[in-house]
Each structure stands twice: as C-alpha cells, then as structure tokens.
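Trainee:
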Amino acid sequence: MAEEFKIDQIEVDKIVETMKKKYREEGTQFDEVSGSLKELRGIIAEDTYSRSDIDTREDLEAFSSGLAQQLGGLYLKAKSILKPMQEMLKKLPFSDEIGYYLYSADMPYSANQYLALTSAAGLVGALLGFIVGLFIGAMMAVATGQIILAPLLPIAFAIVAGGAAVAVVAYIPKQKANSRGAACSIELPFALRHMATELKAGIGLYKAIQALASADYGLLSEEFARTINEIEEGTDTSVALKHMALRTQSRPLKTALTHIIRAMRIGGNLSNIMNEIADEVSDDLKNRINTFAQQMNFFAVIFIFIGIVLPVAIMILGAIRNSPLGASGESLFKAVPLTPEVMLLFYLVVMPILFILMNAMVYMAQPKM
129 MAEEFKIDQI EVDKIVETMK KKYREEGTQF DEVSGSLKEL RGIIAEDTYS
179 RSDIDTREDL EAFSSGLAQQ LGGLYLKAKS ILKPMQEMLK KLPFSDEIGY
229 YLYSADMPYS ANQYLALTSA AGLVGALLGF IVGLFIGAMM AVATGQIILA
279 PLLPIAFAIV AGGAAVAVVA YIPKQKANSR GAACSIELPF ALRHMATELK
329 AGIGLYKAIQ ALASADYGLL SEEFARTINE IEEGTDTSVA LKHMALRTQS
379 RPLKTALTHI IRAMRIGGNL SNIMNEIADE VSDDLKNRIN TFAQQMNFFA
429 VIFIFIGIVL PVAIMILGAI RNSPLGASGE SLFKAVPLTP EVMLLFYLVV
479 MPILFILMNA MVYMAQPKM
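The opening residue of the sequence shown carries number 129 in the numbering used here; numbering runs sequentially from there.
1. Find out if the Cβ-Cβ distance for the pair Val294, Gly250 is shorter than 8 Å.
2. Is there a Cβ from chain D that is less than 8 Å from the Cβ of Met216?
3. Can you tell me whether DSSP reads Ala254 as helix, strand or coil?
4. With 16 as the cutoff for other CB atoms within 10 Å, does Phe191 come out buried or exposed?
5. Drop a sphere of 10 angstroms on the beta-carbon of Thr89, count the other beta-carbons inside from all chains shown, and report buried for 16 or more, exposed for fewer.
6. Please state the DSSP three-state secondary structure of Val297.
7. Round the Cβ separation of Leu256 and Ala289 to the nearest angstrom and send it over; I've been treating them as touching at under 8 Å.
8. Give me, in chain order, the residues of the same chain whose beta-carbon lies closer than 8 Å to that of Ala343; leave out the 5 immediate sequence neighbours on both sides.
9. Using the rule of at least 16 other Cβ atoms within 10 Å of the residue's Cβ for burial, across every protein chain shown, is Leu243 buried or exposed?
10. Quick check on DSSP: helix, strand or coil for Phe426?
11. Between Ala447, Ala488, Gly309 and Pro480, which lies nearest to Pro468 when the distance is taken from Cα to Cα?
12. Between Met479 and Pro439, which are expected to be in contact by the criterion C-beta below 8 Å, what is the C-beta distance as a whole number of angstroms?
13. Decide if Val409 is buried, meaning its Cβ has at least 16 other Cβ atoms within 10 Å, or exposed.
14. So what's Gln274 in DSSP terms, helix, strand or just coil?
15. For Gly362, does the three-state DSSP call read helix, strand or coil?
16. Could you pull out every residue in the same chain whose Cβ sits closer than 8 Å to the Cβ of Thr383, ignoring the five residues on either side in sequence?
17. Taking the straight line between their C-alpha atoms, what separation do you get for Ala206 and Glu215?
18. DSSP three-state call for Ala329: helix, strand or coil?
19. Determine the closest residue to Val464 out of Leu445, Ser307 and Leu482, with distance taken between C-alpha atoms.
20. Tell me the rounded alpha-carbon separation between Tyr475 and Leu195.
21. Nearest-angstrom Cα distance between Glu351 and Glu360?
22. Ala233 and Pro301: beta carbons closer than 8 Å?
23. Under 8 Å by Cβ, that's how I've got Ala286 and Ala254 pegged, so tell me the actual separation to the nearest angstrom.
24. Going by alpha carbons, who is nearest to Leu473 out of Gln422, Asn306, Met486 and Met443?
25. Please check the pair Leu333 and Pro380, which I expect to be a contact at CB under 8 Å, by giving their CB distance rounded to whole angstroms.
26. Drop a sphere of 10 angstroms on the beta-carbon of Ile226, count the other beta-carbons inside from all chains shown, and report buried for 16 or more, exposed for fewer.
27. Taking only the alpha-carbon atoms, compute the straight-line gap between Gln423 and Ala488 and give it to the nearest angstrom.
28. For Asn306, I'd like the list of residues in its chain whose CB is within less than 6 Å of its CB, leaving aside the five on either flank, ordered along the chain.
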C-alpha cells in the first residue's frame, strides 16, 4: 500500500505569506481576496505538497517533460547524494516561493519534487563543469608550467557550473509564471470585450467564462479553464475567481477579476466595466510599446558602434600593428596591444559576450504587462 504523505502546513503558510507580501509590494488590496486564503491554502496543499517527493519510477510518469523524467531518474539513482542537497536547497530563501510559482505556472510538480530535480540538475552541471575544467586546467598547466592549475580549475568550474545550473532551474517556475501572466495580459483586452458582449446579450457570468475558456485566447483561456474546473468540482464561483486572481502574475487580469468579484457581491454594470478595463489595458500596452520603440532608437546607435564600428576599428588597428612596418618599425605601432592572440580573444570571446549582453538588454526592455 502506497505511503500516505503528510502535508507540511508550515511550508504552505510560508507560500501564502510570500504571496501576500508580493501583492502588498505591488499595491494590491487584500480586502477582496483575503477570504480565499484558507481555500487557497487547501489548493496549494493538495496540488503542491500531496506528492511529497520522487520515490519510485511511477512518480516520474506524471512529468510532462522528457528532460524532467531523465533528471528524476538520475535523482533516484543518486538519491543518497542528492537527498542532502535537496534538504540544503529547502533552507535557501527561494524555496519558500517555489510552490507558489509552480502553482501559478501550472507546472505538474510538487515543491519537493522540483527541488529534487533542481539538485539533479546541479549535479549534472557540476560534472560537466568538472570535465571542462579538467580539460582547460590540463592545457593551462602545460602552457604555463603551473601544475597547481590542473586540480584547482576542475573544482572551481564544477562549483560555478553546479551553482549556475541550480540557479537557472530554480528560476524557471517564476519565469514561466511571469511569461504566462504577460501572455494573459496581451489577450486580455479582446477577452474582456468578448465577455462584455456576452453579458450584454443576457448570457450569465458562468456561461461567459465558459465561452472564454473554450475560445482561442491562448494561456488566458487555459487560466479560465482551470477556474471552470474548480467551479465544476464544487468551488463557489467567486472563490474560484479569487484563486485565479491570486495565482496570476498579470496585474490587469487581477484588476478585472477584482471588479467581477465586486460586481457579483454588490451588483453593477459589469459589461461597461469590462469595456473600460479593456480600453485601459490597450492604452497602457500602446504606451509601453511607444516607450520601447524610443529606447530602440537609442539602442540602434549603440549597436552600430559595438557591432560594426568597434570590430572594424580593431581589425584595422590590428592589421597595422601586425604588418611588417608595425611589428619591427616605429615604436608607435608596437605600443598598440593588438597581437594576433589578443585579436582572437576579442573576436571569439569579447564580441560574443557583448552580443549576448545586447540581446539581454533588448529582452529586458520589451514591454511587459
């Protein structure tokens, strides 16, 4: 008979407190959603902590990702090594909100399961870093004659690569939850106008939500479908909408759901409110796009300098420095530190890093809701 897992209520309360702190920082008022915290604790406890860990191969079948299944298999094989690492990760600050972001991103893992996968990813990263460090350390030890580099570099590379792997995997739930919220915000104006039309036609709120869930609004339709499933399982409509407001990372969607819940409680012309919110969201998105376009005008100048002018200038100066006149002639050319080795380092290492940083700047500057 399968072992019955116990719910760690302290961990569940930590997640709820993290959510409350996050929404207080965003300025969200909890008078509309505080009544659902008890129900939300139950949802997180049931969906996130009931499957406590990865104990058997059957636990891996629920994972939709092949990579997650492979990491889970590695965790089972090396559990004696990875279990202490998993327990150590639980003590880090980011583990308090892993469960919430898994719930928000609709990822099919419990918090403990995901920390187990994170520890396995850290082990893989450390092994790969050790192999790369061993290769580089051996080459540098031979080139420089410093034998100490051969054992030190593999250890340093293993620590850095393992830590980087843990950081990347641990950040995935938050990134997916935020991306899900941004995708919902983009589709929200169209969905709200759709809902307003349904309500004006005399269709009830539940049927209007069903229409949105079955429509082609991408992740927003999926979120409404999750709410419909809660309602069909016996949850009150207002409570299910409160849960949706708590888990989504879309501020406009939170606002719309708050107005829907308020209208259900005290009445009001919901169709007009939906149209007004849709207009506000559309205007806000247009303003963000205009701001992004202005930033890109300035960024184009930087890109021209870094991506075109700088490499050409380095190439010309390097050609002069390494020409017969520059190599053995005037001291002015000898002072230019553009030897073939330095130029290779610039084009093969520095330039790729600069391009990666520029792409990261463009990504971070993109309009998000």
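Where is the CB? At the ideal position from N, CA and C, for every residue including glycine.
Mentor: Reading it off the structure:
1. Walking along the sequence shown from the start, residue 294 turns up at place 166. Walking along the sequence shown from the start, residue 250 turns up at place 122. Yes, the Cβ-Cβ distance between Val294 and Gly250 is below 8 Å.
2. Of the protein chains in this structure there is only one, and it is not chain D.
3. Residue 254 sits at position 126 when you count from the first residue of the sequence shown. DSSP places Ala254 in helix when its eight states are reduced to three.
4. Locating residue 191 in the sequence shown gives position 63, counting from the first residue. Buried: at least 16 other Cβ atoms inside 10 Å.
5. Absent from the model: residue 89. The displayed extent of the chain is 129 to 497, so no value can be given.
6. Position 169 of the sequence shown, counting from 1, holds the residue named residue 297. Helix.
7. The sequence position of residue 256 within the sequence shown is 128, counting from 1. The sequence position of residue 289 within the sequence shown is 161, counting from 1. Contact flag correct, Cβ pair sits at about 6 Å.
8. Translated into the one-based positions of the sequence shown, residue 343 becomes position 215. Result list for Ala343: Ala319, His322 and Ser349, in chain order.
9. Taking the sequence shown and counting its residues from 1, the one referred to as residue 243 is at position 115. Burial call: buried.
10. Within the sequence shown, residue 426 is the residue found at index 298, counting from 1. Note: Phe426 maps to helix in three-state DSSP.
11. To locate residue 468, count along the sequence shown from 1; it is residue 340. Among Ala447, Ala488, Gly309 and Pro480, the Cα nearest to that of Pro468 belongs to Ala447.
12. Start at 1 with the first residue of the sequence shown, and residue 479 comes out as number 351. Start at 1 with the first residue of the sequence shown, and residue 439 comes out as number 311. With a Cβ gap of about 7 Å, Met479 and Pro439 count as contacting.
13. Here the question's residue 409 lines up with position 281 in the sequence shown. It counts as buried.
14. The residue labelled residue 274 in the question sits at position 146 within the sequence shown. Gln274: coil per DSSP, three-state reduction.
15. Residue 362 sits at position 234 when you count from the first residue of the sequence shown. Residue state, collapsed to three classes: coil.
16. The residue labelled residue 383 in the question sits at position 255 within the sequence shown. Excluding sequence neighbours, Thr383 sits near Ile405.
17. In the sequence shown, residue 206 corresponds to position 78, counting from 1. In the sequence shown, residue 215 corresponds to position 87, counting from 1. Their Cα atoms are separated by approximately 14 Å.
18. Your numbering for residue 329 matches position 201 in the sequence shown. Correct three-state label for Ala329: coil.
19. Numbered from its first residue, the sequence shown carries residue 464 at position 336. Looking at the Cα atoms, Leu445 is the closest of the given residues.
20. Position 347 of the sequence shown, counting from 1, holds the residue named residue 475. Position 67 of the sequence shown, counting from 1, holds the residue named residue 195. In a straight line, the C-alpha of Tyr475 is about 34 Å away from that of Leu195.
21. On the sequence shown, position 223 is the one that residue 351 refers to. On the sequence shown, position 232 is the one that residue 360 refers to. Spanning the two alpha carbons is a distance of roughly 14 Å.
22. Locating residue 233 in the sequence shown gives position 105, where the first residue counts as 1. Locating residue 301 in the sequence shown gives position 173, where the first residue counts as 1. Their beta carbons are under 8 Å apart, which means Ala233 touches Pro301 by this criterion.
23. Here residue 286 refers to the residue found at position 158 of the sequence shown. Here residue 254 refers to the residue found at position 126 of the sequence shown. Yes, Ala286 and Ala254 are in contact; Cβ-Cβ is about 4 Å, under 8 Å.
24. What you label residue 473 is simply residue 345 of the sequence shown in a count that begins at 1. Leu473 has its Cα closest to that of Met443, out of Gln422, Asn306, Met486 and Met443.
25. Translated into positions along the sequence shown, residue 333 becomes position 205. Translated into positions along the sequence shown, residue 380 becomes position 252. With 8 Å as the limit, Leu333 and Pro380 do not qualify as a contact, their Cβ atoms being about 19 Å apart.
26. For the purposes of this step, residue 226 is identified with residue 98 of the sequence shown, where counting begins at 1. Buried, because 16 or more other Cβ atoms sit within 10 Å of the Cβ of Ile226.
27. For this step, residue 423 is matched to residue 295 along the sequence shown. For this step, residue 488 is matched to residue 360 along the sequence shown. Roughly 14 Å between the two C-alpha positions.
28. Locating residue 306 in the sequence shown gives position 178, where the first residue counts as 1. Contacts found: Gln377.
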